[in-house]
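Asks: This is the structure I have questions about; it appears just below.
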Amino acid sequence: EPEVTQTPSHQVTQMGQEVILRCVPISNHLYFYWYRQILGQKVEFLVSFYNNEISEKSEIFDDQFSVERPDGSNFTLKIRSTKLEDSAMYFCASSPGLAGGPDTQYFGPGTRLTVL
Amino acid sequence: AQSVTQLGSHVSVSEGALVLLRCNYSSSVPPYLFWYVQYPNQGLQLLLKYTSAATLVKGINGFEAEFKKSETSFHLTKPSAHMSDAAEYFCAVSVSTASKLTFGTGTRLQVTL
């Protein structure tokens, strides 16, 4: 069964450094998403991406964040200058983009980002 | 704006007992509703989703949920708990196809012998 994959599974970085989190969505899906889950808190939406542009973003997704689909398979989240409060589990998701009903988002296993 | 409230951050049941996890939603438009499960150190897996075709929705692993518009609820149930059901369960709402999911705070289900 196709699945969303994410690399790395765990990333440790120093405050102020740039990090890139990578995701490979399910191959025929059209919508891509990033969510994060700070330890002990709920899963929060960051951004959605469709047709090579951001379709929706939250107030969390400020100028420090960017997303890119550099080729036909990868979807990346970049944090330019990490802060301590960016420490969280980051989930990538993709959905097929079905019309006429709720689209199921399929989640990857997550990347745990630790900022020291 | 939409939101989800999950009552009870921790629920403990005995193996074989009824599981009931509560979810109430708020939405200005007819919602799409989802239940996801998260096993330790894993991602989120869809249990079931409400599509408006039927108010009682059956999902994987014997779980089901009933959409009650008058109560703005979408509670998750399973008649008989199994040890393997121990996990965190998240209710989520969206307002259109492919739009963002807004999650509740989650309920950790513990199953005891």
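As given, the protein sequences belong to chains A and B, one line each in that order.
Per my numbering: the first sequence = residues 3 to 118.
Per my numbering: the second sequence = residues -18 to 94.
Even for Gly, the Cβ is constructed at its ideal location relative to N, Cα and C.
Return helix, strand or coil for glutamate 52 of chain B, following the three-state DSSP convention.
Replies: Start at 1 with the first residue of the second sequence, and residue 52 of chain B comes out as number 71. Correct three-state label for glutamate 52 of chain B: helix.
Asks: Below 7 Å between beta carbons is the criterion; list the residues of the region 3 to 18 of chain A that meet it against any residue of chain B, in chain order.
Replies: Residues passing the 7 Å Cβ filter: none.
Asks: In chain C, which residues lie with their C-beta within 8 Å of the C-beta of threonine 78 of chain B?
Replies: Structure shown: chain C not included; protein chains present are A and B.
Asks: What in chain A is Cβ-close to glutamine -17 of chain B, meaning under 8 Å?
Replies: One-based indexing of the second sequence puts residue -17 of chain B at position 2. Per Cβ cutoff of 8 Å: no residues; glutamine -17 of chain B is ~11 Å from chain A at best.
Asks: If you measure beta-carbon to beta-carbon, which residues of the region 50 to 84 of chain B are closer than 9 Å to chain A?
Replies: Residues passing the 9 Å Cβ filter: Phe71, Ala73, Ser75, Ser77, Thr78, Ala79, Ser80, Lys81, Leu82, Thr83, Phe84.
Asks: Which residues bound the beta strand (DSSP E) around asparagine 5 of chain B?
Replies: Here residue 5 of chain B refers to the residue found at position 24 when the second sequence is read from its first residue. It spans 5 to 7 - the beta strand (DSSP E) in which asparagine 5 of chain B sits, taken as one unbroken run.
Asks: Kindly confirm or deny that the region 62 to 70 of chain B and the region 19 to 33 of chain A touch, where touching means at least three C-beta pairs closer than 8 Å.
Replies: Contact between the region 62 to 70 of chain B and the region 19 to 33 of chain A is absent, because fewer than three Cβ pairs lie under 8 Å.
Asks: Beta strand (DSSP E) containing serine -5 of chain B: first to last residue?
Replies: Looking up residue -5 of chain B in the second sequence gives position 14. Serine -5 of chain B -> beta strand (DSSP E) spans -9 to -5.
Asks: What does glutamate 46 of chain A pair with, by DSSP beta-bridge criteria?
Replies: What you label residue 46 of chain A is simply residue 44 of the first sequence in a count that begins at 1. Beta-bridge pairing links glutamate 46 of chain A to A:Arg38.
Asks: Less than 7 Å between CB atoms is the rule here; does leucine 90 of chain B satisfy it with respect to chain A?
Replies: Counting from 1 along the second sequence, the entry for residue 90 of chain B is found at position 109. Chain A contact via Cβ: absent.
Asks: Beta-carbon within less than 7 Å of phenylalanine 63 of chain A's beta-carbon, same chain only, minus the 5 sequence neighbours each way: which residues are those?
Replies: By one-based count along the first sequence, residue 63 of chain A stands at place 61. Cβ within range, chain order: Leu48, Val49.
Asks: When you compare the region 66 to 74 of chain B with the region 84 to 93 of chain B, are there three or more beta-carbon pairs, one atom per stretch, that lie closer than 8 Å?
Replies: The answer is yes - the region 84 to 93 of chain B touches the region 66 to 74 of chain B, with three or more Cβ pairs under 8 Å.
Asks: By the criterion of Cβ-Cβ separation under 7 Å, what are the contact partners of lysine 44 of chain A in chain B?
Replies: As a first step, residue 44 of chain A is located in the first sequence; it is residue number 42 there, counting from the start. Going along chain B in sequence order, the residues near lysine 44 of chain A (Cβ under 7 Å) are Phe84, Gly85, Thr86, Gly87.
Asks: How about glutamate 58 of chain A: is its C-beta nearer than 7 Å to some C-beta of chain B?
Replies: Along the first sequence, one-based indexing puts residue 58 of chain A at 56. At least one chain B Cβ lies under 7 Å of glutamate 58 of chain A.
Asks: Should lysine 85 of chain A be labelled buried (16 or more other beta-carbon atoms within 10 Å of its own) or exposed?
Replies: Locating residue 85 of chain A in the first sequence gives position 83, where the first residue counts as 1. By the neighbour-count rule (16 or more Cβ atoms within 10 Å), lysine 85 of chain A is not buried but exposed.
Asks: Of all the CB atoms in chain A, is at least one closer than 7 Å to the CB of leucine 25 of chain B?
Replies: Within the second sequence, residue 25 of chain B is the residue found at index 44, counting from 1. It does: the Cβ of leucine 25 of chain B has a partner Cβ on chain A nearer than 7 Å.
Asks: Is there at least one Cβ from chain B nearer than 7 Å to phenylalanine 47 of chain A's Cβ?
Replies: Taking the first sequence and counting its residues from 1, the one referred to as residue 47 of chain A is at position 45. Yes, because at least one Cβ of chain B sits closer than 7 Å to the Cβ of phenylalanine 47 of chain A.
Asks: With a cut-off of 8 Å on the beta carbons, I'd call glutamine -15 of chain B and cysteine 4 of chain B a contact; round off their distance for me.
Replies: As a working mapping, residue -15 of chain B is identified with position 4 in the second sequence. As a working mapping, residue 4 of chain B is identified with position 23 in the second sequence. Note on identity: in this sequence residue -15 of chain B is valine, with glutamine being the wrong assignment. Yes, valine -15 of chain B and cysteine 4 of chain B are in contact; Cβ-Cβ is about 6 Å, under 8 Å.
Asks: So, does the region 58 to 78 of chain A touch the region 31 to 50 of chain A, judging by three or more C-beta pairs under 8 Å?
Replies: Cβ pair count under 8 Å is three or more, so yes.
Asks: With DSSP run on the structure shown, which of helix, strand or coil describes glutamate 70 of chain A?
Replies: Looking up residue 70 of chain A in the first sequence gives position 68. Strand at glutamate 70 of chain A.
Asks: Tell me alanine 95 of chain A's beta-bridge partners as DSSP assigns them.
Replies: Counting from 1 along the first sequence, the entry for residue 95 of chain A is found at position 93. Note: alanine 95 of chain A sits in a beta bridge opposite A:Tyr35, A:Phe109.
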